[in-house]
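All remarks here apply to the structure that follows.
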């Protein structure tokens, strides 16, 4: 009986383990360790930090971790010291089956630096599996006429271990009829055969019980047994014969369950029962039994479970045909054809969800791995992202990619991105997988507040009440949050030596400007301020804008009548017109001004009331009072006119003045016929006014005496001159001014009567009438409306009734 040599003892095993723990540093920066399977959890594998030449703190502070990529986490990394430990029991046979070399790849990712390190760990086989037979009971039927040295093939045992730990030999229980011979095939597999030593005699013994033991090469060795029952039969001298020694077939990995792969066929020259064949698996594993079905009658081999090219590219097993005594074997080779049935997978290893908009080009966003379980070109994967995004992919180690920025970012243009990563294989048709990364761009204070105009002009009605809003300044900031929060303020300045803040204020949040006091157009017509808009960033950014406020006039001033001015002594102004006046004769002119501007200051004149209707007209825009028709005898000497002066505001404001016109050709006529005018009223409450009235009365009395004397001497000549002047129609253009007292009388006589001279000294006053003509006009059409005239009423009133001629204002 052949037995495989045993392996070395415990001392040699320790040396073997020590050798397996040796680590090699690959030129690419990879590490390789070798450990035996079935080591306890927590067993030391290697010092990764030391072997990579790193400080252990780089692992702990860098967020190092192991990527298992869908597999069990067989190992764990101690970040504090860089030691790699076993995380759970490792069964080499479960991972690598019958592969001669079992390698596990471990990837260590350092998230901070976004680096990937590969560690390759070889799992060494130990003798942890015993040989097993497919069936524990083997039935052989042997004809009694078989000659010695006849050989009978026995089923081989199966051992999950490999190498020296696999099956090394077989033993047969002692008996006189049979011996065991072990042959080694071209594939290195040891096959047991039962050799007949002595002829059998069915009548002596119709069955023999044998024990077959399979022994592996482990230390200590493991074994498995099968019971052999040899049934002695009558003669059956023909063995089955297959039409092929090897059956080759192929199947798509996505072939459906029940698909027939091939049909094996054997023939037997015997007749009847000796020629009936039964097909069965011979050398086969449990996995093949689950994958394929063999019909024992027809020999059809069909699929029982879906194939997977990524797990196994081909299957190799044996089937046999037996007629009860004799058997024959053939080999089945099934090739699995790859199909593109696996889409690429994207595994994010490290990811940033937010970056600052000022991040430089090349800033890493994510580290991810792409892989495809298909083989060949079906497993070749390409990665892409949309071209219009400011990012690009960089190939990292192995199948790892880095997503990095590819240009400057601006949160004000795009505040967040949805970056879709697409991985596609090269299948036909290709399969693809997408994964979207959501990235937010955080704000920096890189935009100053901006006003929508370089400057503003605001119009404010005068007399606007204090507290009213007069303007709203609005700035925008493209930044976000606190960086985009704007506050408003007014820069310092003065208006008429007063600070701006006493006139206007601004709401720091809304930018609305309020008036702190009412504005008067007549005081100032415009002013300007500087508004500063400042954001809440650090450091803050700001901008200024100029706002010019134009005060809009309101009709808040009534027209002021300059001429004839209202007398303060209670008398009425008197104008004199000859009875021989022609229609259109200019008697006097009402002069008024308005403190407003624009159309609010456009004045119009209107005759409200007159003693004789239709006798006089008033110029609508000039204020000139002229005769409208010839004066007739029935017209009263004393004519009272009420003139209304109205501006063009909305609503309009107005003032009125009463003009007394005396129709007479000479002063005696005036004195004789004119009714007494009302006496002046004196404000008895004012002593100063009383003293002035007394003084003016004395002077007026003296002046009246001289005037009557002079008028009597020159009345005739004055009459002739006046008639001559009317016939000629050439009037002098004279200017009027406003005077008080004796100077006013002098100016009046110089303006309206250039031929009359008034002299005044410290002792007396006299009026001299040179030989000249009186003017019939107070002001020609070229005289400005804004010029004032001295009312003639005071002079005539004083002359006719002895009243004072000095006006007190």
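Numbering (my numbering), first residue to last: 1067 to 1875.
Virtual Cβ for every residue (Gly too), placed ideally from N, Cα, C.
Does the beta-carbon distance from residue i to residue j come in below 8 Å?
i, j, result
"residue 1214", "residue 1348", "no"
"residue 1263", "residue 1247", "no"
"residue 1289", "residue 1394", "no"
"residue 1683", "residue 1705", "no"
"residue 1450", "residue 1433", "no"
"residue 1496", "residue 1608", "no"
"residue 1276", "residue 1238", "yes"
"residue 1296", "residue 1208", "yes"
"residue 1423", "residue 1476", "yes"
"residue 1108", "residue 1152", "yes"
"residue 1175", "residue 1133", "yes"
"residue 1598", "residue 1532", "no"
"residue 1458", "residue 1472", "yes"
"residue 1413", "residue 1313", "no"
Using only the alpha-carbon positions, how far apart do residue i and residue j sit?
i, j, result
"residue 1368", "residue 1385", "13 Å"
"residue 1864", "residue 1562", "Its pLDDT being 40, under 50, residue 1864 is placed unreliably by the model, and the measurement read from it follows with that caveat. Answer to the nearest angstrom: the Cα atoms are 47 Å apart."
"residue 1489", "residue 1504", "17 Å"
"residue 1283", "residue 1110", "28 Å"
"residue 1841", "residue 1724", "Interpretation of residue 1841 is limited by its pLDDT of 32, a score under 50 that renders its predicted location unreliable; the figure taken from the coordinates is listed afterwards. Near 23 Å, if we compare the C-alpha coordinates of residue 1724 and residue 1841."
"residue 1243", "residue 1293", "16 Å"
"residue 1664", "residue 1595", "25 Å"
"residue 1624", "residue 1570", "28 Å"
"residue 1421", "residue 1167", "46 Å"
"residue 1250", "residue 1463", "46 Å"
"residue 1759", "residue 1694", "38 Å"
"residue 1373", "residue 1406", "13 Å"
"residue 1071", "residue 1245", "Caution applies to residue 1071, whose pLDDT of 36 falls short of 50 and renders its modelled position unreliable; the model cannot decide the point."
"residue 1713", "residue 1642", "28 Å"
"residue 1141", "residue 1304", "59 Å"
"residue 1330", "residue 1218", "22 Å"
"residue 1606", "residue 1130", "40 Å"
"residue 1271", "residue 1390", "18 Å"
Considering only the alpha carbon of each residue, which of the options lies closest to residue i?
i, options, result
"residue 1381", "1351, 1401, 1388, 1395", "1401"
"residue 1535", "1762, 1549, 1580", "1580"
"residue 1033", "1171, 1219, 1162", "Nothing can be reported for residue 1033: it is not among the residues displayed for the chain, which extend from 1067 to 1875."
"residue 1719", "1658, 1566, 1728", "1658"
"residue 1211", "1266, 1158, 1168, 1121", "1266"
"residue 1627", "1376, 1427, 1661, 1764", "1661"
"residue 1710", "1523, 1696, 1691", "1691"
"residue 1576", "1732, 1554, 1588", "1554"
"residue 1461", "1352, 1507, 1447", "1447"
"residue 1655", "1674, 1640, 1629, 1599", "1629"
"residue 1565", "1551, 1578, 1573, 1582", "1582"
"residue 1681", "1648, 1687, 1667", "1648"
"residue 1226", "1696, 1379, 1351, 1578", "1351"
"residue 1909", "1475, 1508, 1483, 1587", "Summary: the structure shown does not reach residue 1909, with the chain confined to residues 1067 through 1875, and so no result is reported for it."
"residue 1717", "1667, 1353, 1757", "1667"
"residue 1707", "1412, 1727, 1458", "1727"
"residue 1523", "1755, 1613, 1506", "1613"
Under the rule that 16 or more other beta-carbon atoms within 10 Å means buried, what is residue i, buried or exposed?
i, result
"residue 1332", "buried"
"residue 1404", "buried"
"residue 1383", "buried"
"residue 1034", "Outside the shown range of the chain (1067 to 1875) lies residue 1034, about which nothing can therefore be said."
"residue 1100", "buried"
"residue 1538", "exposed"
"residue 1644", "buried"
"residue 1650", "exposed"
"residue 1273", "exposed"
"residue 1767", "exposed"
"residue 1520", "exposed"
"residue 1121", "exposed"
"residue 1279", "buried"
"residue 1370", "exposed"
"residue 1123", "exposed"
"residue 1509", "buried"
Next on the checklist: For the pair the stretch 1233 to 1242 and the stretch 1183 to 1190, tell me if three or more CB-CB distances fall below 8 Å.
Outcome noted: no
Checklist entry - Is the stretch 1148 to 1162 touching the stretch 1102 to 1120, taking contact as three or more C-beta pairs under 8 Å? => result yes
Checklist entry - Does the stretch 1196 to 1210 come within contact of the stretch 1248 to 1257, defined as at least 3 CB pairs closer than 8 Å? => result no
Checklist entry - Given 8 Å as the limit, is there contact between the stretch 1355 to 1363 and the stretch 1304 to 1318, that is, 3 or more CB pairs closer than that? => result no
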